[in-house]
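Heads up: take any position in the sequence shown, counting from 1, add 11, and you land on the numbering used here. We put the CB at the ideal spot given by N, CA and C, even for glycine. Bear in mind that the values here come from a model prediction, so they are computed numbers and not experimental data. See structure below.
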Amino acid sequence: MRRSPAAVSGIVILVLLAVVAVLSYLGLLPYDPIAQHPPSRFQAPSGEHLFGTDQFGRDVFSRVASGVGNSALIAVVAVAFATVVGTLGGLVSGFYRGLADGAIGGVTNVLFAFPPLLLALSLASVLDRNWFTIAVAIAIVYVPIFIRVTRGPVLSSGRSST
Numbered sequence: 012m013r014r015s016p017a018a019v020s021g022i023v024i025l026v027l028l029a030v031v032a033v034l035s036y037l038g039l040l041p042y043d044p045i046a047q048h049p050p051s052r053f054q055a056p057s058g059e060h061l062f063g064t065d066q067f068g069r070d071v072f073s074r075v076a077s078g079v080g081n082s083a084l085i086a087v088v089a090v091a092f093a094t095v096v097g098t099l100g101g102l103v104s105g106f107y108r109g110l111a112d113g114a115i116g117g118v119t120n121v122l123f124a125f126p127p128l129l130l131a132l133s134l135a136s137v138l139d140r141n142w143f144t145i146a147v148a149i150a151i152v153y154v155p156i157f158i159r160v161t162r163g164p165v166l167s168s169g170r171s172s173t
């Protein structure tokens, strides 16, 4: 990977985003991302405000870093939830077959029938509005993929109870 400039660039960007996310999560940003300071409106990027300030005098870098931290948290929770639920569902479906396979397969097919973005937006709008709800809504979109990916090898192993 060291020979590929694209790979090195990607790793550098990934590490920078991870550092910014951790700093945001730990609350080590230079300014409060939601604190307003009207006298500092529309400042250009400088040593004091790396990305400048917005129309309310908020530090743009702190707001971007906070967004990176929130996005990373939602992504990690969504992938963890989808992995655990989908893998367990696929194992149960493939190993026990019969009624369990039919029920899990039916739910999987229903979830696959909806466009992913529409399903996630529908779930997020019906449930409470916070970061965890968004993570669960995204995870529910991806659970059927994990179920199908896990179920196949379990069925081909031939150790299911029929």
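Which residue wins for smallest C-alpha separation from residue i, given the options the options?
{"i": "Gly-116", "options": "Ile-156, Leu-130, Leu-40, Ser-20", "result": "Ile-156"}
{"i": "Val-118", "options": "Gly-100, Tyr-107, Leu-132, Leu-129", "result": "Gly-100"}
{"i": "Ala-32", "options": "Ile-151, Tyr-153, Ser-73", "result": "Ser-73"}
{"i": "Pro-164", "options": "Phe-106, Val-71, Ile-24", "result": "Phe-106"}
{"i": "Thr-98", "options": "Phe-125, Val-154, Val-137, Asp-43", "result": "Val-154"}
{"i": "Val-96", "options": "Arg-162, Leu-128, Pro-127", "result": "Arg-162"}
{"i": "Pro-41", "options": "Trp-142, Ser-168, Val-71", "result": "Val-71"}
When you compare only the Cα positions, how much space is there between residue i and residue j?
{"i": "Arg-52", "j": "Arg-69", "result": "7 Å"}
{"i": "His-17", "j": "Ser-133", "result": "Residue identity differs from the one stated: residue 17 is Ala in this sequence, not His. Distance between the alpha carbons of Ala-17 and Ser-133 is about 37 Å."}
{"i": "Arg-14", "j": "Val-30", "result": "24 Å"}
{"i": "Phe-125", "j": "Val-137", "result": "16 Å"}
{"i": "Ser-20", "j": "Gly-38", "result": "27 Å"}
Below 8 Å on the Cβ atoms is my guess for residue i versus residue j; work out the distance and round it to an integer in Å.
{"i": "Ala-135", "j": "Val-152", "result": "Not quite, the Cβ-Cβ distance comes to about 11 Å (not below 8 Å), so this is no contact."}
{"i": "Ala-79", "j": "Leu-28", "result": "Ala is not the amino acid found at residue 79; the sequence shown has Val there. With 8 Å as the limit, Val-79 and Leu-28 qualify as a contact, their Cβ atoms being about 6 Å apart."}
{"i": "Tyr-36", "j": "Leu-110", "result": "Going by Cβ atoms, the distance from Tyr-36 to Leu-110 rounds to 43 Å, so no, they are not a contact pair."}
Practice task
Would you check if the segment 84-97 and the segment 143-162 touch, i.e. whether three or more CB-CB distances between them fall below 8 Å?
Solution key: Contact between the segment 143-162 and the segment 84-97 is present, because at least three Cβ pairs lie under 8 Å.
Practice task
May I ask you to verify whether the segment 96-111 touches the segment 48-61, counting CB pairs closer than 8 Å and requiring at least 3?
Solution key: The segment 96-111 is not in contact with the segment 48-61.
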